[in-house]
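Position one of the first sequence corresponds to residue -14 (this note's numbering), numbered consecutively onward.
Positions of the beta carbon are idealized from the N, C-alpha and C atoms, including for glycine.
Scroll down for the structure; my scribbles are underneath it.
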Amino acid sequence: MSNTLTGTPESDIRLAAASPAAPAPTTATRGTASDGSTRRARAGSLDADMEPNPPLAVNRYRDHRCGDLRSSDIGATVRLAGWIAAKRDHGGLLFVDLRDSGGMAPAGMVQLVAHPGEEAFALLESLRVESVVTVTGTVIARTAETVNPKLATGEVEVGVTSAEVLSSAEVLPFPVERDTEVGEENRLRYRYLDLRRGPLAERIAKRARLANLVRSHMSGRGFLEVQTPILTASSPEGARDFLVPSSLYPGEFYALPQAPQQFKQLLMVGGIDRYFQIAPCFRDEASRADRSPGEFYQIDLEMAFATQEDVFVEVEYLMEAIVAGLSDKTTSTPFPRLTFAEAVDRYGTDKPDLRFGLELAELSGELGGRTELPMFADAPGAGHVIRALRVPGGWDRTRKWFDGYGEDAKKAGVTGSWLQLDPAGTKGPLARRLDEAEVASVVEAAAAEAADAVLVAVGPRSKVSALLGDYRVRVGRELGLADPSRLEFVWVVDFPMFEQDEATGSWDFAHNPFSMPQGGLEALRDLDPGDILAYQYDLVCNGIELSSGAVRNHRPDIMEAAFAIAGYGPERIRKSFPALWNAFHFGPPPHAGIAPGFDRILMVLEEQANIREVIAFPLNQSARDLLMGAPSTVSEAQLRDVHLQVVPPAT
RNA sequence: GGACCUGUGGUGCAGCUCGGAGUGCACGCCGGCCUGUCAAGCCGGAGGUCGCGGGUUCAAAUCCCGUCAGGUCCGCCA
C-alpha cells in the first residue's frame, strides 16, 4: 500500500488517515449470530474504533510506518523511526531490522541496508540493538532470491542515506527480539522491555478491545456506566481492606473498596434502572495464579426489578458478544445450569469443566456396609460415602501414579484405593480384596471399560468429592479430553445460604449476606438453616469461576431474620452497613446483579494460566511491584502528616 | 500463618542422587574477518562469592541447618 504523504521530512504535522486499502488485519472475526434474536447485542459495533493502524503523525521523525512499505512504494524517499531489532553486519554490507511498534504488530518491521562509505553506515554499525533511530532512505526492490516471505515488507528494503540517533540502548538485561524464555522476576522488573517483546503487548491490546466491547455492549443494553468512589469506608465483612489514613481526621481511615457492592445497591435505591462499571476492586489478601493480589477488575452490573433469569439473559448476551468479537472459539447459549449440589455430586467441584464428561460415580449403595473390607463395611456407620472416578485407559498407569493418588487421598483425609482392568486380569489393591461380584459392581457403577482404571475414595462426602473432582480435572488434562475449540459456560445455582462451623456447630453466611434466601421469611423461619438455598449463582467457564452474583435481599425484615440465624442482632447490620440499612427503609426496588471478573475473562480468552499475563503492570505473588518498588517506606514527615507511627512487628 | 518447588557469568539451562580444580550447552557482550543476510556466518576473547550465612568433611555448586528472593498450592478471598 502506498502512502501519498511523501512530503518533506520537516513538514508540519499532518494526520494521514490509514490507507483504506489496508483493512484492519487483527479485527476479530465475528460469530455468525444468525439466530435472528432481536435482543442480540451488536457485539462488534466498536471494531472500527479498534483500527490497529491509527493515523500517522507525519513529522521530523517519520513519514511512514516501517510495516507499511510495499513494492508499490519502490523509488519513494521515506523517513522511518523505530528500534533496531537486529543487525546483520557483513563488513561490506550492513542489514538492520527496524521495528516501530513495540511488539504491537510483529509485522511492523522493515529491513534497512547500508554500505561502507555511506554516512549512515558507521553510525548504524556502532549502535546496539534496541537503540532508537530515525532514518531517511529510498525504497528499493529486493531481488527475487532475497525476498523474505516472513515479513509483510519482505519484497522491499530501504537503502539508508542518512540516520540520526534518537536514543541509544545499553546492553539489555534480557533479549527483546528473541523468544527466549525469561524469568518472570526479570520480566516484571523491566516490564517496559517485556511489553516490547510482543506477546504481552498483544494481550494488553486485547484487554483494551475487551473493555471497549464491554462498554459498547452494556451501554447498548441500557446499562448506565457509573463510577463509584475509590476512597470509601471500611466494611467489616470480607477480605482485609486496604486502608488510607486521613490527614484531616487523626486516627480515621478511608478504605479502598473490595467491590462497589454497596454503592451499586444504593444506585438501585436511587432509581438507576441498570448499572454497570468496569470496576477496580481492592483486597489485601494472598494471591493465587488466577487471583491478582491487591487489585483486579470486575464487570460490575446490577439491575432493578430483575430476577435471576433476567441477569442470566443479560450475561449470556454479553459473553456471547465477547466470544464472538474476541475469540476464535465457540460457545452455546443458553448456558446450561447445575445446582451447587449437582455440581459437587457429579463433578466434585462447584466450578466444573464441562468440556468433557467423566462424571464421578456413586458406590455407596453397591459397597457400603456390604463387603468384608473394613474401609467399605464401616463407611455407612461413620456417615461416609464411597465414590469413584473412571480413569480411561488407566490400566497401565505406573504404581507410582496410583501411590501418589493414595497419598493425596490421605492428605485429603479420606481413604483412597484403586482397581486396574488389566487385559490380563484385574489388578490393584481392590482387585485383591474384593470378590468377583463386588469388583463387577464397582466396574459397572463407574462405567469402566476394558483397560480402564477406577479410583475409589471413602470418607466424608465433601472431601471425597473434592479429591475425585481434582483427579477428574487432572486426568482430563493428561488425556486431552477437553475440546480446545469450545468455551463451555455453565451457571451454578442454588448455593446454600448458610454453612455450619464444624467445630462449634454455629451457622454463618456461606457467601453473600445480602443474598435473598429462596422462600423468603418463611424459609428462614421453617427450614433447617442447612437446607435454605440462596438466590446466589456463579458463572463458570472451562472450569474457571468467572463470576459470582445474587438476587439481593432488599427487605430489612428478611435481612434481620437471616442475620439472626448467623447469630447477629439488628444492631450488627445497622452498625456494619448503615447506608444500605437506612436506604432499605425508603423503598428499595427488588434488584439482582453479578460481577464477572474482567481479568479472568481475558485469561480464558487468551488461554493464560497466570493472571499477571493479562495485566500491564502487575504486582508479583507477594504483592510487590518489582518495577516501581511498592510498597515502600515513607518519610517521617509523611507519617506525621497522617498521624501514624510505625510499630515493627515483634520477632 | 503453613507446605512444596526453584535460585549456577547479562539471559535461558545442564551439572546436585553418588562431594574431588567453576566443568558444559545455547544466546548475549567485546575484538577481528566478511558484499545479500533474514535471530547472518567464521575466528578469538572477556565475564562467576554456584542467592546469602552457618555446619559436616581432608575437600561442598553438590550433604545438613538457617535465612533471603521468585513461583505453585493450602488457609484466606462476605
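Legend entry - Outcome for Ile517 when other beta-carbon atoms lying within 10 angstroms are tallied against a minimum of 16: Ile517 is classed as buried because its beta carbon has at least 16 other beta carbons within 10 Å across all chains shown.
Legend entry - Ala608 beta carbon less than 8 Å from that of Gly279: Result yes, Cβ atoms of Gly279 and Ala608 sit closer than 8 Å.
Legend entry - First and last residue of the uninterrupted alpha helix (DSSP H) at Phe361: For Phe361, the enclosing alpha helix (DSSP H) covers residues Pro359 to Ala362.
Inset, instruction - From the DSSP output, read off the bridge partner residues of Ile284. - result: Ile284 pairs with Ile263.
Inset, instruction - Just the C-alpha distance for Gln405 and Gly413, rounded to the nearest angstrom, thanks. - result: Going from the Cα of Gln405 to the Cα of Gly413 covers about 6 Å.
Inset, instruction - Spell out a yes or no on whether the stretch 552 to 566 and the stretch 591 to 601 are touching, meaning 3 or more CB-CB pairs, one atom from each, closer than 8 Å. - result: No, the stretch 552 to 566 does not touch the stretch 591 to 601.
Inset, instruction - Would you kindly report the start and end of the unbroken alpha helix (DSSP H) that includes Gly454? - result: Counting along the chain, Gly454 sits inside the alpha helix (DSSP H) bounded by residues Arg446 to Leu464.
Inset, instruction - Let me know the secondary structure DSSP gives Ser57 once reduced to three states. - result: The three-state reading of DSSP puts Ser57 in helix, counting H, G and I together.
Inset, instruction - Identify whether His570 lies in helix, strand or coil by the three-state DSSP scheme. - result: In the structure shown, His570 adopts coil according to DSSP, grouped into three states.
Legend entry - Anticipated Cβ contact below 8 Å, Thr119 with Leu151, distance rounded: In this structure, Thr119 and Leu151 form a Cβ contact; the two beta carbons are roughly 6 Å apart against a cut-off of 8 Å.
Inset, instruction - Return the Cβ separation of Arg537 and His576 in integer angstroms, given the expectation that the two are a contact with Cβ distance under 8 Å. - result: Rounded to the nearest angstrom, the Cβ distance from Arg537 to His576 is 5 Å, consistent with a contact under 8 Å.
Inset, instruction - Identify, in the order they occur along the chain, each residue of the same chain with its Cβ nearer than 6 Å to the Cβ of Ala373, setting aside the five sequence neighbours on each side. - result: Annotation for Ala373: Ala346, Leu348, Ala431, Val439 and Val441 place their beta carbon closer than 6 Å to its own, counting only its chain and skipping 5 residues before and after.
Inset, instruction - Taking all protein chains shown into account, decide if Met544 is buried (16 or more other Cβ within 10 angstroms of its Cβ) or exposed. - result: Classification of Met544: buried, given that the 10 Å Cβ count is 16 or more.
Legend entry - Alpha-carbon spacing of Lys448 relative to Ile579, whole angstroms: In a straight line, the C-alpha of Lys448 is about 29 Å away from that of Ile579.
Legend entry - Unbroken beta strand (DSSP E) run spanning Phe387, endpoints: Counting along the chain, Phe387 sits inside no beta strand (DSSP E); it lies in the alpha helix (DSSP H) bounded by residues Arg384 to Ala397.
Legend entry - Euclidean distance between Cα positions of Ala508 and Met501: Distance between the alpha carbons of Ala508 and Met501 is about 11 Å.
Inset, instruction - Answer with buried or exposed for Lys249, where buried requires no fewer than 16 other C-beta atoms within 10 angstroms of its C-beta. - result: By the neighbour-count rule (16 or more Cβ atoms within 10 Å), Lys249 is buried.
Legend entry - Neighbourhood of Asp179 by C-beta distance below 6 Å, restricted to the same chain and skipping five residues each side: Take Asp179, set aside five residues on each side of it, and the residues of its chain with a beta-carbon closer than 6 Å to its own are Arg172 and Leu185, in chain order.
Legend entry - Contact set for Phe499: own chain, Cβ-Cβ below 6 Å, skip 5 residues either direction: Taken in chain order, the residues that qualify are Arg537 and Asn538.
Inset, instruction - Note down the Cα distance separating Asp20 from Gly342, rounded to an integer number of angstroms. - result: Any reading at Asp20 needs caution, since the residue's pLDDT is 35, under 50, leaving its predicted position unreliable; the model's value is listed next. Looking at the backbone, the Cα of Asp20 and that of Gly342 are separated by about 28 Å.
Legend entry - Residue environment, Ala289, which counts as buried when at least 16 other CB atoms sit within 10 Å: Result: buried.
Inset, instruction - Report the three-state DSSP secondary structure of Pro10 (helix, strand or coil). - result: Note that Pro10 scores a pLDDT of 34, beneath 50, so its modelled location is shaky; the value from the coordinates is reported in the next line. Correct three-state label for Pro10: coil.
Inset, instruction - With distances taken Cα to Cα, identify the nearest neighbour of Val145 among Ala193, Glu155, Leu83 and Ala240. - result: Sorting Ala193, Glu155, Leu83 and Ala240 by C-alpha distance to the C-alpha of Val145 places Leu83 at the top.
Inset, instruction - Please work out which residues of its chain come closer than 7 Å, Cβ to Cβ, to Gly122, disregarding the five sequence neighbours upstream and downstream, and give them in chain order. - result: So the qualifying residues of the chain are Val63, Leu97, Val143, Gly144, Val145 and Thr146.
Inset, instruction - Report all residues from its chain with a CB closer than 6 Å to the CB of Ala519; omit the five preceding and five following residues, and keep chain order. - result: Here the set comprises Phe480, Met482, Ser500 and Pro502.
Inset, instruction - Look up Met253 in the DSSP assignment and say whether it is helix, strand or coil. - result: Met253: helix per DSSP, three-state reduction.
Inset, instruction - Look up Glu149 in the DSSP assignment and give the residues it is bridged to. - result: Thr119.
Legend entry - Assigned exposure category for Phe548 - 16 Cβ within 10 Å defines buried: With at least 16 other beta carbons inside 10 angstroms of its own, Phe548 counts as buried.
Legend entry - Among His100, Ala129 and Cys526, nearest to Thr334 - alpha-carbon criterion: Closest by alpha carbon: Cys526.
Legend entry - Three CB pairs or more closer than 8 Å across the stretch 225 to 243 and the stretch 264 to 276: A contact between stretches requires three or more CB pairs, one per stretch, nearer than 8 Å, and the stretch 225 to 243 meets this requirement with the stretch 264 to 276.
Inset, instruction - Could you check what DSSP says for Lys191 in three-state terms: helix, strand or coil? - result: Of the three classes helix, strand and coil, the one that applies to Lys191 here is helix, per DSSP.
Inset, instruction - Report all residues from its chain with a CB closer than 7 Å to the CB of Arg192; omit the five preceding and five following residues, and keep chain order. - result: Once the five neighbours on either side are set aside, the close Cβ partners of Arg192 are Leu587 and Val599.
Inset, instruction - Reducing DSSP to helix, strand and coil, say where Leu624 ends up. - result: Per DSSP, reduced to three states, the secondary structure at Leu624 is helical.
Legend entry - Paired residues, beta bridge with Asp523 - DSSP: According to DSSP, Asp523 bridges with Val477 and Ser533.
Inset, instruction - Find the nearest neighbour of His100 within the set Ser86, Met94, Gly93 and Arg73, judged by alpha-carbon distance. - result: That would be Arg73, whose Cα lies nearest to the Cα of His100.
Inset, instruction - Please classify Lys336: is it buried, with 16 or more other beta-carbons within 10 angstroms of its beta-carbon, or exposed? - result: Flag for Lys336 reads buried.
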